[in-house]
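Protein chains in written order, with our numbering: chain Y, 1 to 77; chain L, 78 to 763.
We put the CB at the ideal spot given by N, CA and C, even for glycine.
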């Protein structure tokens with residue numbers, strides 16, 4: 001099913017919003033995790049692995065946004 | 078799946094008189110992980126360090142002090158010294174001799190430094206006072222007169238005029254500040270100081286001397302130059318001493334440290350009136366060899382007995398005495414998987430009873446990295462740098478990075494060539510039509526043979542940016558399903574080994590069933606929602622099977638873990654979708670590369686519809702800019718692809734089965750960098 005005209009434009013706006021807003025969300029999440037992780041690592045460098053796991057967890061949100069955007073653009077649009 | 082190496086607990090009993098010899102033997106076998114004795118556990122108590130340790134510690138302190146003074150560090154390059162030679166040098170008092178020689182020079186150096194510091198301070202005062210036309214001897218030697226001199230931040234001339242029977246000298250410049258010297262009656266000193274303090278006054282000690290300040294300044298300058306010259310020659314002597322003694326100091330530092338470490342072993346074992354007892358974990362495969370070696374070295378003075386070979390079931394751990402509960406984890410991996418142990422240890426040391434994830438990381442980390450990069454052009458530098466890193470570096474962090482780069486580079490080349498068919502963001506096959514269709518064939522104006530394109534998917538490779546995007550997303554989801562499933566199966570195997578089948582089914586089986594149910598359910602739903610397939614026939618059956626499995630798995634989970642297990646259900650979809658990052662990061666790299674290619678070839682060189690190469694003086698800077706821009710993409714590739722590939726192992730895979738919290742296997746073993754053993758000594762290893 002391919003969208004046309006106004007619907008295709010709205011799908012493109014939706015895709016942009018999906019990536020943009022989830023990007024902001026991921027950034028807000030990582031801001032706090034990152035600051036805490038760097039603080040903790042200055043105390044003990046051996047926790048790098050654990051800190052990194054926590055650090056990249058919020059990034060999944062933006063991947064979800066991207067999936068929605070791709071579906072909107074390619075699968076629907 | 079490989080588990081950590083099987084370990085056995087041995088007990089070594091011997092006579093106290095042969096303890097020193099025994100410690101040497103313990104180190105020579107290189108596999109004894111000592112179980113620390115806990116004082117008060119029986120009649121035996123903790124031992125005391127060897128007598129020689131006191132002298133060795135004293136010498137080590139001297140050696141370290143000398144190394145610090147001479148600027149010798151761990152990374153200073155020195156020749157390696159035979160152990161026998163350095164031992165005889167230390168015992169013949171070379172440390173003390175070298176110390177005397179170095180101290181003699183260092184004393185001179187320190188004295189010169191002190192004098193230079195004093196002279197600098199004196200010159201600073203003189204430079205300040207140079208603006209006042211008063212000779213140095215006039216500043217002191219009065220009974221009823223007080224002299225205050227120092228720097229000021231604002232001009233105090235007017236304020237000082239209020240002082241009766243006084244003489245003031247002020248030199249002031251607005252930008253640089255100024256200096257003031259006030260001669261007042263002794264009883265008016267406080268009054269003068271109070272006036273000056275309002276002008277930011279800081280008193281200066283007037284140096285002793287005679288004559289004009291400018292002359293004293295010249296004399297001080299000459300003395301300073303003289304002292305600096307002397308200091309220069311002394312520093313050369315120190316450098317010569319560093320060169321002369323660095324090999325000895327580094328080697329003796331290492332040897333003395335080893336001696337002290339060995340001397341402290343009795344603190345970790347049980348020592349009685351006449352005997353000692355050492356408990357240790359060793360790899361099961363080495364029990365016989367170690368027993369034979371210790372008995373051959375120590376003869377009748379030792380008795381070695383294997384107490385137990387610890388199995389993987391947790392009840393064995395629960396039944397063991399407190400200090401024998403935890404078994405150290407010795408990784409049991411091949412040559413390549415060994416390089417990935419560091420990645421595992423970044424999260425935690427595996428428990429003795431669980432699967433070591435290193436081998437899974439070895440396979441999937443470079444694979445995911447390669448898939449995300451997926452470009453021949455970027456792959457080649459990865460392979461070269463990785464191979465070079467593996468050849469030259471010994472540091473475990475760098476080796477881990479080099480390993481990922483090397484194997485990731487190989488996968489990247491395989492995916493980049495056969496699957497994506499592209500290099501530096503451009504497909505090999507196809508016609509030129511900037512910006513979306515920029516190809517090597519079009520750029521170079523050649524026709525690649527059919528067999529070349531025949532090696533790639535669809536004859537030209539998969540496009541990351543158009544046409545195949547949905548297919549790539551689906552592919553990454555399938556990769557994710559396989560990856561997560563492997564994690565669940567490993568989890569099941571772990572629990573089965575640690576407990577039994579029933580326990581494993583309750584703890585992990587429910588999750589596996591639920592996961593399969595969710596996958597089948599989601600597949601059926603996507604067919605209905607996106608592919609517009611009617612809900613009948615196979616799709617309907619799949620939907621029902623999915624729901625049944627989902628509910629069955631969920632009920633097992635609720636039974637074993639309670640109601641909160643239901644809350645984690647949506648997380649399963651999140652986990653699978655998390656793998657779409659494999660495609661997403663590949664797309665972002667390809668997008669950047671395409672944009673940069675378009676900027677250089679399309680916008681700067683003007684090759685939009687057809688390839689027409691410009692003059693060389695335009696082409697060369699453009700190509701340099703292209704190289705720089707691709708370097709940026711390449712560097713970002715290491716960061717994003719590397720981190721996300723690692724994250725998928727740490728978060729998505731390892732959380733399914735890996736618990737960690739094991740004890741690191743740390744056998745009594747000496748690593749020599751600055752000294753070496755002779756061949757006959759090294760041959761005596763097990």
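At a CB distance below 7 Å, what residues from the stretch 656–675 of chain L approach chain Y? Give them in sequence order.
Listed by position along the chain: 657, 658 and 661.
Can you tell which of 134(L), 424(L) and 175(L) has its C-alpha closest to the C-alpha of residue 147(L)?
Among 134(L), 424(L) and 175(L), the Cα nearest to that of residue 147(L) belongs to 175(L).
Would residue 318(L) and residue 182(L) be called neighbours here (beta carbons separated by less than 8 Å)?
Contact flag set, yes.
Just to confirm the assignment, what range does the alpha helix (DSSP H) spanning residue 553(L) have?
Residues 546–575.
Out of curiosity, what's the CA-to-CA distance linking residue 679(L) and residue 697(L)?
Cα to Cα, the separation comes out at about 15 Å.
Any Cβ of chain Y within less than 8 Å of the Cβ of residue 724(L)?
Judged by the 8 Å Cβ criterion, residue 724(L) is in contact with chain Y.
Using a Cβ-Cβ cut-off of less than 8 Å, give me the residues of the stretch 7–37 of chain Y that come near chain L, in sequence order.
Against chain L - using a Cβ distance shorter than 8 Å - the stretch 7–37 of chain Y contributes no residues.
If I follow the unbroken beta strand (DSSP E) through residue 86(L), where does it start and stop?
84–92 is the span of the beta strand (DSSP E), which, as asked, contains residue 86(L).
I need the straight-line Cα distance from residue 685(L) to residue 462(L), nearest angstrom please.
When rounded, the distance between both Cα atoms is 35 Å.
Can you find a CB in chain Y that lies within less than 8 Å of the CB of residue 728(L)?
Chain Y contact via Cβ: present.
In whole angstroms, what is the alpha-carbon distance linking residue 587(L) and residue 711(L)?
Between residue 587(L) and residue 711(L), the C-alpha separation is close to 43 Å.
For residue 619(L), which residues from the same chain have a beta carbon less than 6 Å from its beta carbon, with the 5 sequence-adjacent residues on both sides left out?
Closer than 6 Å at Cβ, skipping near neighbours: 597 and 601.
Taking only runs of the alpha helix (DSSP H) that begin and end inside the stretch 617–662 of chain L, which ones reach a length of at least 4 residues, in chain order?
Runs found: 641–644 and 646–654.
Would you mind working out which of 615(L), 524(L), 621(L) and 609(L) sits nearest residue 593(L), comparing C-alpha positions?
If we check each option's Cα against that of residue 593(L), 621(L) comes out closest.
Determine the burial state of residue 400(L): buried for a count of at least 16 other Cβ atoms within 10 Å of its Cβ, exposed for fewer.
Classification for residue 400(L): exposed.
Need the endpoints of the alpha helix (DSSP H) that residue 526(L) sits in, please.
First-last for residue 526(L): undefined, no H or E at that position.
Express the C-alpha separation of residue 706(L) and residue 227(L) in angstroms, rounding to a whole number.
The straight-line gap from Cα to Cα measures roughly 60 Å.
Quick check: is the beta carbon of residue 651(L) nearer than 8 Å to any beta carbon in chain Y?
So yes, residue 651(L) belongs to the interface.
Is the Cβ of residue 50(Y) closer than 8 Å to any Cβ of chain L?
By this cut-off, residue 50(Y) is an interface position.
Tell me whether residue 306(L) is buried or exposed, calling it buried when 16 or more other Cβ atoms sit within 10 Å of its Cβ.
Counting Cβ neighbours within 10 Å, residue 306(L) comes out exposed, since fewer than 16 surround it.
Thinking C-alpha only, which one of 301(L), 100(L), 287(L) and 376(L) is nearest residue 192(L)?
Answer by Cα proximity: 301(L).
Just tell me which of 115(L), 126(L), 172(L) and 114(L) has its CA closest to the CA of residue 141(L).
The option with the nearest alpha carbon to residue 141(L) is 172(L).
Between residue 762(L) and the rest of its own chain, which residues show a CB-CB distance below 8 Å, the 5 nearest in sequence each way excluded?
In this predicted model, residue 762(L) has a pLDDT of only 48, less than 50, meaning its place in the structure is not dependable; the value taken from the coordinates is given anyway. Excluding residues within five positions, the ones whose Cβ falls inside 8 Å are 105, 106 and 107.
Measuring CB atoms only, is the stretch 626–633 of chain L touching the stretch 527–540 of chain L, in the sense that at least three cross pairs come out at less than 8 Å?
Output reads no: the stretch 527–540 of chain L does not touch the stretch 626–633 of chain L.
Comparing the C-beta of residue 56(Y) with each C-beta of chain L, is any distance below 8 Å?
At least one chain L Cβ lies under 8 Å of residue 56(Y).
Which residue or residues does DSSP assign as beta-bridge partners of residue 752(L)?
Note: residue 752(L) sits in a beta bridge opposite 158(L).
I want to see whether chain L comes within less than 8 Å of residue 60(Y), judged by CB atoms only; does it?
Yes, contact with chain L.
Which chain Y residues are close to residue 88(L), counting only those with a beta carbon under 7 Å from its beta carbon?
Within chain Y, no residue comes near residue 88(L); the closest Cβ sits about 32 Å away, beyond 7 Å.
For chain Y, is any of its Cβ atoms less than 8 Å away from the one on residue 423(L)?
Closer than 8 Å to some Cβ of chain Y, the Cβ of residue 423(L) qualifies, so yes.
If we require 3 or more residues per run, which beta strand (DSSP E) segments fall completely within the stretch 310–364 of chain L?
Runs of the beta strand (DSSP E) inside the stretch 310–364 of chain L: 352–360.
Buried or exposed, going by whether 16 or more other CB atoms sit within 10 Å of the CB of residue 612(L)?
Its Cβ having fewer than 16 others within 10 Å, residue 612(L) is exposed.
Scan the stretch 541–575 of chain L for residues whose Cβ lies nearer than 7 Å to a Cβ of chain Y and list them as they occur along the chain.
For the stretch 541–575 of chain L, which is checked against every Cβ of chain Y, the residues closer than 7 Å are 546, 547 and 550.
Give me the Cβ distance between residue 265(L) and residue 249(L), rounded to the nearest whole Å; I'm assuming they're in contact under 8 Å.
That pair is no contact at about 22 Å.
Terminal residues of the continuous alpha helix (DSSP H) containing residue 105(L)?
Run containing residue 105(L): 96–106, per the alpha helix (DSSP H) assignment.
Below 8 Å CB to CB, which residues in the same chain sit around residue 242(L) once its five sequence neighbours on both sides are set aside?
Excluding residues within five positions, the ones whose Cβ falls inside 8 Å are 261, 262 and 265.
So, residue 283(L) versus residue 219(L), is the Cβ gap smaller than 8 Å?
Not in contact: residue 283(L) and residue 219(L) (Cβ atoms no closer than 8 Å).
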